[in-house]
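Protein chains in written order, with the working numbering: chain W, 11 to 584; chain L, 11 to 584. Even glycine gets a Cβ: it sits at the ideal position worked out from N, Cα and C. It should be emphasised that the depicted structure is a prediction, and the values quoted were computed from it without experimental measurement. Here's the structure we're looking at; comments come further down.
Protein chains: 2
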Amino acid sequence: MVAATPTPRTAPDAVPTRPARESAAPATGELPADAVADVIVVGGGGGGLPAALYSRWLGNEVLLLEKAPELGGTAKKAAFWYWVPNNVPMRALGLVDEEPDFLRYVARLARPTSYDPASPTLGLSQWEYDMCRAIYESASPAAELLAEKGALEYRHCPDVVDYWSELPEDKAPTGRVLVPRGARDTMSDGGAVGVASMAAAAERDGVDIRVSHRVQRLVLADGAVVGVEATTADGRTRRFGARKAVVFATGGFTHDLDLRRNFLHTPVYGGCAALTNEGDFLAIAGPVGAQLRNMNYAWMCPVPLERAVSRDPALSGMFSVAGDSTIFVDKTGRRVVNEKLQYNELAQKFFSYDGANGEYPYLVLVQIWDQRSQDHSASDEYGRQIVPPGTDDSHVIRGDTLEALADAVADRLSRYAQLTGGLTLDPGFVPTLRQSIARFNGFAERGVDEDFHRGEKPVQLLFNGPVKDEPGRANPTMWPMSSSGPYYASLITGGTLDTKGGPRTNTDAQVLDDTGTPITGLYGVGNCVASPSAQAYWAGGATLGPIIAFAYRAAQAADREPVRESHQLTPSAS
Amino acid sequence: MVAATPTPRTAPDAVPTRPARESAAPATGELPADAVADVIVVGGGGGGLPAALYSRWLGNEVLLLEKAPELGGTAKKAAFWYWVPNNVPMRALGLVDEEPDFLRYVARLARPTSYDPASPTLGLSQWEYDMCRAIYESASPAAELLAEKGALEYRHCPDVVDYWSELPEDKAPTGRVLVPRGARDTMSDGGAVGVASMAAAAERDGVDIRVSHRVQRLVLADGAVVGVEATTADGRTRRFGARKAVVFATGGFTHDLDLRRNFLHTPVYGGCAALTNEGDFLAIAGPVGAQLRNMNYAWMCPVPLERAVSRDPALSGMFSVAGDSTIFVDKTGRRVVNEKLQYNELAQKFFSYDGANGEYPYLVLVQIWDQRSQDHSASDEYGRQIVPPGTDDSHVIRGDTLEALADAVADRLSRYAQLTGGLTLDPGFVPTLRQSIARFNGFAERGVDEDFHRGEKPVQLLFNGPVKDEPGRANPTMWPMSSSGPYYASLITGGTLDTKGGPRTNTDAQVLDDTGTPITGLYGVGNCVASPSAQAYWAGGATLGPIIAFAYRAAQAADREPVRESHQLTPSAS
Numbered sequence: 011m012v013a014a015t016p017t018p019r020t021a022p023d024a025v026p027t028r029p030a031r032e033s034a035a036p037a038t039g040e041l042p043a044d045a046v047a048d049v050i051v052v053g054g055g056g057g058g059l060p061a062a063l064y065s066r067w068l069g070n071e072v073l074l075l076e077k078a079p080e081l082g083g084t085a086k087k088a089a090f091w092y093w094v095p096n097n098v099p100m101r102a103l104g105l106v107d108e109e110p111d112f113l114r115y116v117a118r119l120a121r122p123t124s125y126d127p128a129s130p131t132l133g134l135s136q137w138e139y140d141m142c143r144a145i146y147e148s149a150s151p152a153a154e155l156l157a158e159k160g161a162l163e164y165r166h167c168p169d170v171v172d173y174w175s176e177l178p179e180d181k182a183p184t185g186r187v188l189v190p191r192g193a194r195d196t197m198s199d200g201g202a203v204g205v206a207s208m209a210a211a212a213e214r215d216g217v218d219i220r221v222s223h224r225v226q227r228l229v230l231a232d233g234a235v236v237g238v239e240a241t242t243a244d245g246r247t248r249r250f251g252a253r254k255a256v257v258f259a260t261g262g263f264t265h266d267l268d269l270r271r272n273f274l275h276t277p278v279y280g281g282c283a284a285l286t287n288e289g290d291f292l293a294i295a296g297p298v299g300a301q302l303r304n305m306n307y308a309w310m311c312p313v314p315l316e317r318a319v320s321r322d323p324a325l326s327g328m329f330s331v332a333g334d335s336t337i338f339v340d341k342t343g344r345r346v347v348n349e350k351l352q353y354n355e356l357a358q359k360f361f362s363y364d365g366a367n368g369e370y371p372y373l374v375l376v377q378i379w380d381q382r383s384q385d386h387s388a389s390d391e392y393g394r395q396i397v398p399p400g401t402d403d404s405h406v407i408r409g410d411t412l413e414a415l416a417d418a419v420a421d422r423l424s425r426y427a428q429l430t431g432g433l434t435l436d437p438g439f440v441p442t443l444r445q446s447i448a449r450f451n452g453f454a455e456r457g458v459d460e461d462f463h464r465g466e467k468p469v470q471l472l473f474n475g476p477v478k479d480e481p482g483r484a485n486p487t488m489w490p491m492s493s494s495g496p497y498y499a500s501l502i503t504g505g506t507l508d509t510k511g512g513p514r515t516n517t518d519a520q521v522l523d524d525t526g527t528p529i530t531g532l533y534g535v536g537n538c539v540a541s542p543s544a545q546a547y548w549a550g551g552a553t554l555g556p557i558i559a560f561a562y563r564a565a566q567a568a569d570r571e572p573v574r575e576s577h578q579l580t581p582s583a584s
Numbered sequence: 011m012v013a014a015t016p017t018p019r020t021a022p023d024a025v026p027t028r029p030a031r032e033s034a035a036p037a038t039g040e041l042p043a044d045a046v047a048d049v050i051v052v053g054g055g056g057g058g059l060p061a062a063l064y065s066r067w068l069g070n071e072v073l074l075l076e077k078a079p080e081l082g083g084t085a086k087k088a089a090f091w092y093w094v095p096n097n098v099p100m101r102a103l104g105l106v107d108e109e110p111d112f113l114r115y116v117a118r119l120a121r122p123t124s125y126d127p128a129s130p131t132l133g134l135s136q137w138e139y140d141m142c143r144a145i146y147e148s149a150s151p152a153a154e155l156l157a158e159k160g161a162l163e164y165r166h167c168p169d170v171v172d173y174w175s176e177l178p179e180d181k182a183p184t185g186r187v188l189v190p191r192g193a194r195d196t197m198s199d200g201g202a203v204g205v206a207s208m209a210a211a212a213e214r215d216g217v218d219i220r221v222s223h224r225v226q227r228l229v230l231a232d233g234a235v236v237g238v239e240a241t242t243a244d245g246r247t248r249r250f251g252a253r254k255a256v257v258f259a260t261g262g263f264t265h266d267l268d269l270r271r272n273f274l275h276t277p278v279y280g281g282c283a284a285l286t287n288e289g290d291f292l293a294i295a296g297p298v299g300a301q302l303r304n305m306n307y308a309w310m311c312p313v314p315l316e317r318a319v320s321r322d323p324a325l326s327g328m329f330s331v332a333g334d335s336t337i338f339v340d341k342t343g344r345r346v347v348n349e350k351l352q353y354n355e356l357a358q359k360f361f362s363y364d365g366a367n368g369e370y371p372y373l374v375l376v377q378i379w380d381q382r383s384q385d386h387s388a389s390d391e392y393g394r395q396i397v398p399p400g401t402d403d404s405h406v407i408r409g410d411t412l413e414a415l416a417d418a419v420a421d422r423l424s425r426y427a428q429l430t431g432g433l434t435l436d437p438g439f440v441p442t443l444r445q446s447i448a449r450f451n452g453f454a455e456r457g458v459d460e461d462f463h464r465g466e467k468p469v470q471l472l473f474n475g476p477v478k479d480e481p482g483r484a485n486p487t488m489w490p491m492s493s494s495g496p497y498y499a500s501l502i503t504g505g506t507l508d509t510k511g512g513p514r515t516n517t518d519a520q521v522l523d524d525t526g527t528p529i530t531g532l533y534g535v536g537n538c539v540a541s542p543s544a545q546a547y548w549a550g551g552a553t554l555g556p557i558i559a560f561a562y563r564a565a566q567a568a569d570r571e572p573v574r575e576s577h578q579l580t581p582s583a584s
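Written out as structure tokens, the structure reads:
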């Protein structure tokens, strides 16, 4: 029986946030500024807030401009783990994390096809190598300073493993992860806690914060960046002067369909970045000669198809696929992947290309679970699809039998055909699904997944989520699926947490032109600039740990800039 | 027995051609020009030569600047098929190729995950859709004009199939391909013929051609592009003025390692584009606000690993894998792909990512063949690996037995370990290879490849190459491999013919800024600008057919530009 189904919510990705984007051509000339500061930080999320704080603590007047009506960006939605090599609590515990080992681990994963332990840069480009060294050097002092100042106190997670802890290159497989101290035990609310804490510190310490200001373009004088122009919700243009530097921290381009399709290595369906992450800095930085790097890769995660295409602002990536009696199957009913792979790697499976047929056969996979997992693995954290009663379960498809479930899945898929290249279930879906379940159940009974090795690596246990206690079982990621209904399903595809590409910066976070020369006064940190991680997702918090390191370095370098006094920097009388 | 093996030739990709790249920051100011023309064309290959000719035939003074010491670029190395929808000889034969059908075919393949026959743009972006319409409209008149003027006479190939001729969307599966008239029967020398013919016409009709001029930057006046600066082999900077327009046709970024790694969707090992294709236009166009598109995709082809990493200027992509008693196997000895897939699709197989192990298990595949294929399928055309006696066979690995061959392959691979992430043969390679051969031989005997369906589609027969005549056999792409040696092998990986991304242009080939407004005086055609083909390789010649169409449109639009007279355009007295 198929329940009555509403028309699905979809939203064109190209709809811009308000205020709308305008021309990014730089402004020049001597208009008075609405306000002047030593350092302007653009973006109030996981990169902008620390950059503003570090700058302020160095004695600068700091103006922070945020496009959204509130601070936080993507970081506020995240668990806000931050990956900090050789951090203070690691050292206190005697965990050794030496730089050469750290560099081998990051290089092995960033560029697996060119990794060369004998190369002076380990197969990375010199730029990537230098940036990775900067992460090692500065992430820990950056985290310590935030903690000392009470802006972001942390809790050490000594048992959390790196995402590739089993590799011989990982000499510090546990201990690099910190989370905001006030986060709950499951750590999933770290972003809300961390953002609130940093925002309070910014307020306390006198950062001038202005929300609902969309920065549109740079203001240039004599080849230097001396300010920005922003538009406000009422459509007015405001000019702001920077005596020392402008630091962009405006996030990636997850929510610009055209940019995603034209840069990313996989045709993802959006993702869980803040909706304001539309790649603004790409257009803004181009005219001063910025060169883009790492535009092909993203911090990836599976996402529920329906929430992704509706651009649900509350969308969470599926950072943890919970449950033991649950599998993913493709349109033929076949199980095709280890469902417990770390999310960045799991997300790539959806984009396996079939060159013989010119299609992506795994573009949408179907997560299927039984009543047992519904009863014991439901959770509203980390983007899990098995949700508890009382939460939004519009993505959940139900059937009393596998046949009924398949009918309901087929019906749901048909509503998204215009967004999936016409994907439908194969006619033999149910019998193949039965075979897949039978095979999986055999693996679950023996505790060994002969096809995909589910549960064999530490990171897969880290993300197993709540499951029913079964004393003595060898593999807690698997349990046989019930031979009777009801059954449940959800449509899954691949998306991004956010993208990784943008202008290339040096290790001081200065944006570089095509000759590798810093563009005077222009800095960038976070997902709006190029990450040296290439394709790697090294560990939980491999986003925010390096971002905080570069925010720290950006603030120090910006502080050293000579103070520019010019007509452009004269505050308006108004 | 392993023969004595020399140290492999490898060449850092980052070595620039001479003259070296300089800053791309635009020049302004009133320096006198070394020469002035109505239209400056930058690049003398498959896009630049027709753009110059079309402009000249409209009555313009045309200056053509080429970085290399000779004309031709990548086109000269190519077979120079050109794919021309609804072309004149098709129509003469009664082959129907209507625009709506053409558009469905190109859309289905360009964006398979968003193809929607009910959408007004078929799931393409409006820009992609408009550009594809322009190809349909202009490729044929462009080809006809080149022929009428004697610059590029053609031969129609009525039996050559599109690369996806079996799709229901392909309503004109044969007949769209033209080749230069003077090309040999196998058509492989079309590029040399076509370039010589167009170059002779340019000379004849008074195009001012200057080779060994590397354009470094634009010259701007009042926001318009009014010329370029170039450096010559002796290191001197020359300025050239354009009264109407500058048309870039400088090719893609196949030979810039950093750009490849930071933009392409697969970590390819270079490719067979002219060595001058280093992405110059990306840096040059940025400062005037150009926005990059389709930077993730490339015209792909398999390439021999060793010639690719040595940056052999004569490298050919493997457009045709010849032979029947030959297979590709991976490092474990397993056959993993249909060796006769069209080259763009075959090339992607090398970059299948294994998220469980963080590696590309098929990064290098080994083509293996026997004496039969050596005797009957050797050819020095289309990048085939089975070459005749007397040609360079440094890529050929030999063994009297499979064991000896495997030893020699392992030895050869070990010399490239620093470039492959340490790829080695698995210990069980030989027994697995024996099983693979046995299984393949069974398929060959029955004429049916149950694993990969080799030879089942028309395009696979098109590229089968010469094979021994075996009257009556059902599948000419397969024959059992011999149970005795000698055996031969070659190391294969994926590369590009050239890349597909660059500044976005409109249908008149005008480069657009971030608001979609043309940048006055700046045009681009060919692989240096964004292709609307997204991920598709529609057919043989799907590169050059559209390029000629846009060269034609660029010339017409540039001809309509108002003549700009300024101090920048004053020829120098020298």
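Distances from the CA of glycine 432 of chain W to each of L/Ala37, L/Thr123 and L/Trp91 were compared; the closest alpha carbon is that of L/Thr123.
Sequence-distant Cβ neighbours of valine 539 of chain W in its own chain, meaning closer than 6 Å and more than five residues away, are Gly512, Pro513 and Thr515.
Beta bridge pairing from DSSP links histidine 166 of chain L with L/Leu188. Our two residues, valine 187 of chain W and glutamate 163 of chain W, have alpha carbons roughly 13 Å apart in a direct line. Around the CB of glutamate 108 of chain W, fewer than 16 other CB atoms lie within 10 Å, so the residue is classed as exposed. Segment contact: the region 101 to 118 of chain L against the region 541 to 553 of chain L, three or more CB-CB distances shorter than 8 Å; contact assigned. One thing to note: arginine 563 of chain W has its Cβ within 7 Å of the Cβ of alanine 519 of chain W. Going by beta carbons, asparagine 537 of chain W and phenylalanine 273 of chain L fall outside the 7 Å limit.
Secondary structure of valine 440 of chain L (DSSP, three-state): helix. In this structure, lysine 254 of chain L sits near aspartate 48 of chain L, with a CB-CB distance shorter than 7 Å. Interface with chain L (7 Å Cβ-Cβ cutoff): glutamine 358 of chain W is included.
The beta carbons of alanine 161 of chain L and methionine 208 of chain L sit closer together than 7 Å.
The region 47 to 88 of chain L contains, as complete beta strand (DSSP E) runs of 3+ residues, the segments 72 to 75 (chain order). Using a CB distance cut-off of 7 Å, histidine 265 of chain L does not count as an interface residue toward chain W. Comparing alpha carbon positions, the residue from W/Leu325, W/Ala45, W/Pro168 and W/Lys159 closest to valine 98 of chain W is W/Pro168. Interface criterion not met: the Cβ of aspartate 140 of chain L is under 7 Å from no Cβ in chain W.
Contact annotation for leucine 119 of chain L against chain W: Gly368 [CB-CB distance below 7 Å, chain order]. Within the same chain, Val313, Leu315, Ala318, Val319, Leu429, Thr503, Gly504 and Gly505 come within 8 Å of tyrosine 279 of chain L by CB-CB distance, once the 5 residues on both sides are set aside.
Under DSSP, glycine 237 of chain L takes part in a beta bridge, and its partners are L/Val229 and L/Gly251. For proline 556 of chain L, the enclosing alpha helix (DSSP H) begins and ends at 554 to 569. Residue range 375 to 380 is occupied by the beta strand (DSSP E) that includes tryptophan 379 of chain W.
By the rule that beta-carbons nearer than 7 Å mark a contact, glutamate 179 of chain W does not touch chain L.
Sequence-distant partners of isoleucine 407 of chain L (beyond 5 residues in either direction) whose C-beta falls short of 8 Å from its own C-beta, in its chain, are Leu415, Ala418, Val419, Arg422, Tyr498, Ala499, Ser500 and Leu501. Listed in chain order, the alpha helix (DSSP H) elements of length 4 or more contained wholly in the region 93 to 131 of chain W are 98 to 103 and 109 to 120. Counting the other Cβ atoms within 10 Å of the Cβ of threonine 442 of chain W gives 16 or more, which makes it buried. With distances taken between CA atoms, phenylalanine 263 of chain L lies nearest to L/Phe291 out of L/Phe291, L/Pro277, L/Leu134 and L/Val236. About 6 Å separates the CB atoms of isoleucine 396 of chain L and serine 383 of chain L; that is less than 8 Å, so the two are in contact.
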